[in-house]
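Enquirer: Pasting in a structure now, in structure tokens, and then I'll have a few things to ask.
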Amino acid sequence: MESNWLNALINGYQEFGEGIYQPRFLTTDNHKILQGTGNMIQLFGFGFTRNKGDIDEGQFNKPERIGYASGTCLFTSRKVMEKLDMFDSFLFAYHDDLDLCWRAALENIKSYYIPSSIVYHPPEGFSFKWNSFKFYLLERNRQYCLLTHYSRTTYFKMLPALIMVDIGVFFYYLKKGVILSKFKATLNILKNFNQINSRYKKIQNKRLISDSELIKNFDDDIIIPKMMDSKNNDSLGNFIKNLSQFTRKFL
């Protein structure tokens, strides 16, 4: 990390106020390659990193609002964390940062990218590689966030599209040879439905922002890492984008 990384985040906090902040990530082995300029939430609950793998030519030098700050390195105040009841222990890994910032947005606490704060990170990261357990956590936690963060009205309006997304994810996991992860994710959601429903009520009781306002900051696109078979990625990505754009008309 650069020596002023923390001061830059503090300066961002002083400029924008109560919020959640993340730095510019560059790869450890090539400081010209971006590892991320903030994360975005897709309408159907997917999360993705912006500009990963792009060459940093100074085109991302403006602080701006993002969907959510990466858990790799995020900055906020103790007051904000206590207000949000910290991270959700149910999620364990993956989507824990998305969940935190989505809940924050529901309480009108925004997330920001601060490019003057620079942190270096290995291209492949430190956590789980692309294996069946990671696919399981990504899908289970995505479903968990959909069921706890959207109002029931919004969720049921989206349900036909969510079923189609579920079918798309099913075939994507099938092609990847991790279809058991999809089944396990769904079964775990059903197993913990009472806990999820309790969590839903708690989150909805605290919310200040409507879904219609919230999703203005959500994306229709989804960026899937290129290392995971670009042909299938493009097919799934285009399907989700078109479906997302269509679904917005009913929300």
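If you read the sequence shown in the working numbering, its first letter stands for residue 659, the second for the next number, and so on.
C-beta: ideal position from N, C-alpha, C; glycine also.
As the structure is a prediction and not an experimental result, all values here were calculated from the model.
What do you reckon, are the CB atoms on residue 748 and residue 802 nearer than 8 Å?
Expert: Their beta carbons are under 8 Å apart, which means residue 748 touches residue 802 by this criterion.
Enquirer: Are at least three pairs of beta-carbons, each pair with one atom in the region 760-773 and one in the region 672-684, less than 8 Å apart?
Expert: The region 760-773 vs the region 672-684: in contact.
Enquirer: Enumerate, from N- to C-terminal direction, the unbroken alpha helix (DSSP H) stretches of 4 or more residues contained entirely within the region 761-817.
Expert: Segments of the alpha helix (DSSP H) lying fully in the region 761-817: 790-807.
Enquirer: For residue 729, which residues in the same chain have their Cβ closer than 7 Å to its Cβ, ignoring the five residues on either side in sequence?
Expert: The residues are 754 and 755.
Enquirer: In the DSSP assignment, the alpha helix (DSSP H) including residue 667 goes from what residue to what residue?
Expert: First-last of the alpha helix (DSSP H) with residue 667: 663-674.
Enquirer: At which residue ranges does the region 841-899 contain complete alpha helix (DSSP H) runs of 4 or more residues, listed in the order of the chain?
Expert: Within the region 841-899, the complete alpha helix (DSSP H) runs of at least 4 residues are 851-864 and 869-872.
Enquirer: When you compare the CB positions of residue 697 and residue 706, do they come within less than 8 Å of one another, or not?
Expert: Yes.
Enquirer: Quick one: measure Cβ to Cβ for residue 826 and residue 897, integer angstroms, because I've assumed they're closer than 8 Å.
Expert: That belief holds up - the Cβ atoms of residue 826 and residue 897 are roughly 6 Å apart, short of 8 Å.
Enquirer: What do you get for residue 667, buried or exposed, if any count of 16 or more other CB atoms within 10 angstroms of its CB means buried?
Expert: Answer is buried; the Cβ neighbour count reaches 16.
Enquirer: Within the same chain, show all residues whose beta-carbon is closer than 7 Å to that of residue 811, passing over the 5 residues directly before and after it, in chain order.
Expert: Nothing meets the Cβ criterion.
Enquirer: When you compare only the Cα positions, how much space is there between residue 776 and residue 659?
Expert: If you take the alpha carbons of residue 776 and residue 659, they lie about 6 Å apart.
Enquirer: For residue 709 and residue 684, which I take to be in contact (beta-carbon distance under 8 Å), what is that distance rounded to the nearest angstrom?
Expert: Residue 709 to residue 684, Cβ: 11 Å. No contact.
Enquirer: To which residues does DSSP link residue 832 through a beta bridge?
Expert: BP columns for residue 832 are empty, so no partner.
Enquirer: Whose CA, out of 724, 760 and 909, lies closest to the CA of residue 864?
Expert: Comparing Cα-Cα distances from residue 864 to each of 724, 760 and 909, the minimum goes to 760.
Enquirer: I need the DSSP call for residue 722, collapsed to helix, strand or coil.
Expert: Note: residue 722 maps to strand in three-state DSSP.
Enquirer: Tell me which residues share the same chain as residue 741 and place their Cβ nearer than 8 Å to its Cβ, disregarding the 5 neighbours each side in the sequence.
Expert: Counting only Cβ-Cβ distances below 8 Å, and skipping sequence neighbours, we find 765 and 767.
Enquirer: Rounded to whole angstroms, what's the CA-CA distance from residue 714 to residue 686? Just pull it up for me.
Expert: Answer to the nearest angstrom: the Cα atoms are 13 Å apart.
Enquirer: Between residue 972 and the rest of its own chain, which residues show a CB-CB distance below 7 Å, the 5 nearest in sequence each way excluded?
Expert: The structure shown does not extend to residue 972, since the chain spans only 659 to 909, so no value can be given for it.
Enquirer: Can you tell which of 792, 861, 873 and 855 has its C-alpha closest to the C-alpha of residue 837?
Expert: Out of 792, 861, 873 and 855, 792 has the C-alpha closest to the C-alpha of residue 837.
Enquirer: Are residue 935 and residue 893 touching if we call contact CB-CB under 8 Å?
Expert: For residue 935 there is no data in the structure shown, the boundaries of the chain being 659 and 909.
Enquirer: Comparing alpha-carbon positions, which option in 823, 774 and 757 lies nearest residue 716?
Expert: Ranking 823, 774 and 757 by Cα distance to residue 716 puts 774 first.
Enquirer: Judging by CA-CA distance, which residue of 762, 834, 815 and 824 is the nearest neighbour of residue 800?
Expert: Selected option, being the one with the closest Cα: 824.
Enquirer: Could you give the C-beta distance for residue 861 and residue 798, rounded to a whole number, given that I count them as a contact under 8 Å?
Expert: With a Cβ gap of about 18 Å, residue 861 and residue 798 do not count as contacting.
Enquirer: So the candidates are 840, 818, 819 and 906; which of them puts its Cα closest to the Cα of residue 828?
Expert: Comparing Cα-Cα distances from residue 828 to each of 840, 818, 819 and 906, the minimum goes to 840.
Enquirer: Alpha carbons only, please: which of 788, 763, 689 and 895 is nearest the one belonging to residue 724?
Expert: Considering only alpha carbons, the answer is 763.
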